[in-house]
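*Asks:*
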Amino acid sequence: MGRRRQDEYARRARREGFPARSVYKLEEIDRRVQLFRPGQRVLDLGAAPGSWTLYAAQRVGRNGRVLALDLQEHVGELPPQVEFRVADVREQSIESLEGPFDVVLSDMAPKTMGSRAADQYRSFELFLTAVEVAAQVLASGGAFVGKIFQGAEFELARDALRKHFTKCRVIKPEAVRDESYELFLVGLGKRELQAQRRP
Ligand SMILES: C[S@@+](CC[C@H](N)C(=O)[O-])C[C@H]1O[C@@H](n2cnc3c(N)ncnc32)[C@H](O)[C@@H]1O
433 MGRRRQDEYA
443 RRARREGFPA
453 RSVYKLEEID
463 RRVQLFRPGQ
473 RVLDLGAAPG
483 SWTLYAAQRV
493 GRNGRVLALD
503 LQEHVGELPP
513 QVEFRVADVR
523 EQSIESLEGP
533 FDVVLSDMAP
543 KTMGSRAADQ
553 YRSFELFLTA
563 VEVAAQVLAS
573 GGAFVGKIFQ
583 GAEFELARDA
593 LRKHFTKCRV
603 IKPEAVRDES
613 YELFLVGLGK
623 RELQAQRRP
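By the count of this note's numbering, the sequence shown reaches residue 631 at its end, each step adding exactly one.
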C-alpha cells in the first residue's frame, strides 16, 4: 500500500473516531471470518492506542465486554463495556483476566530495534504468549487473531496455533503497508482443553 492509501486510511480513521488506522486491518479480518457477535466477551492484547478495542466494543455492543491490555495508556474515550488495563501481558496471571472469552485478539508488536531478524523473533515470542493466553482463557469454539512479523519462525507459530484450533488462516489485510512484513494468523474453532491433552 502506497503512502497515499496510508494517508487515506489515517484520514478515514480520524473521521470515524478511531485513534489509529490499524482498525481497518481488524475490520477486514472480521469481514472475512465473521469474528464478532453481539454480547460476546473479547480480550484485546496490545490494545493501545485503542482502535481495535473501540471496534470490538462496537461489534459486541453494550451487552458484551472487552478487556484490553497494553504497556501504554489508550487515547480518547472508550465505552462502558470496555475495561482497559495498563499492564505487561507476559506478567498477567490467567486468573486476573477473569475469562472465559469468545474472542482473543493480539496486535502486540515489539519496539523495533533495527535488526529485522531480532524484531521477527521478538514478535514471534509475543505471538506465542498470546496463543498461550488464548489457549487458557478461550471458550471452546472461540476465535483468535494474532499479529506476527513474517520470518524464520512463521511455521512454528502456525504449528502452535494448529494445536489449539480446528481451522487456521493467514491474512494480510489491505490496510497493511506493502513493505510491511506483518501478517495475521487467525485460529477458529478453539479445541476443548481435554481434546488437546490426547496424544
Ligand atoms: C500496533 S500497536 C497496537 C494497536 C492497537 N491494536 C490499535 O488498534 O490501536 C502494538 C502495541 O503492542 C503493545 N505491546 C507490546 N508488547 C506488549 C506487552 N508485553 N504487553 C502489553 N502490550 C504490549 C505496545 O505497547 C503497542 O501499543
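Don't be surprised by glycine CBs; every beta carbon is placed ideally from N, CA and C.
Suppose only complete runs of 4+ residues qualify. What are the alpha helix (DSSP H) ranges in the stretch 583-626, listed by chain order?
*Replies:* Runs found: 586-596.
*Asks:* Could you check whether the stretch 443-461 touches the stretch 510-527, counting it as contact only if at least three pairs of C-beta atoms, one from each stretch, sit closer than 8 Å?
*Replies:* These segments do not touch.
*Asks:* To which residues of the same chain is alanine 442 closer than 6 Å at the C-beta, ignoring the five residues directly before and after it?
*Replies:* As a working mapping, residue 442 is identified with position 10 in the sequence shown. The residues are Arg453.
*Asks:* With 16 as the cutoff for other CB atoms within 10 Å, does methionine 540 come out buried or exposed?
*Replies:* The sequence position of residue 540 within the sequence shown is 108, counting from 1. It counts as buried.
*Asks:* Indicate the three-state DSSP secondary structure (helix, strand or coil) for lysine 457 in the structure shown.
*Replies:* Start at 1 with the first residue of the sequence shown, and residue 457 comes out as number 25. DSSP places lysine 457 in helix when its eight states are reduced to three.
*Asks:* Should leucine 620 be listed as close to ligand 1, given that the test is whether its C-beta is under 6 Å from any heavy atom?
*Replies:* Position 188 of the sequence shown, counted from the first residue, corresponds to residue 620. Not under cutoff, so the answer is no.
*Asks:* Between leucine 529 and the rest of its own chain, which residues show a CB-CB distance below 7 Å, the 5 nearest in sequence each way excluded?
*Replies:* Walking along the sequence shown from the start, residue 529 turns up at place 97. Counting only Cβ-Cβ distances below 7 Å, and skipping sequence neighbours, we find Leu475, Leu499, Val569.
*Asks:* Spatial neighbours of asparagine 495 within its chain, please: CB distance less than 7 Å, with the 5 preceding and 5 following residues excluded, ordered by chain position.
*Replies:* Reading the sequence shown from its first residue, position 63 is the one you call residue 495. The answer, listed in chain order, is Pro470, Gly471.
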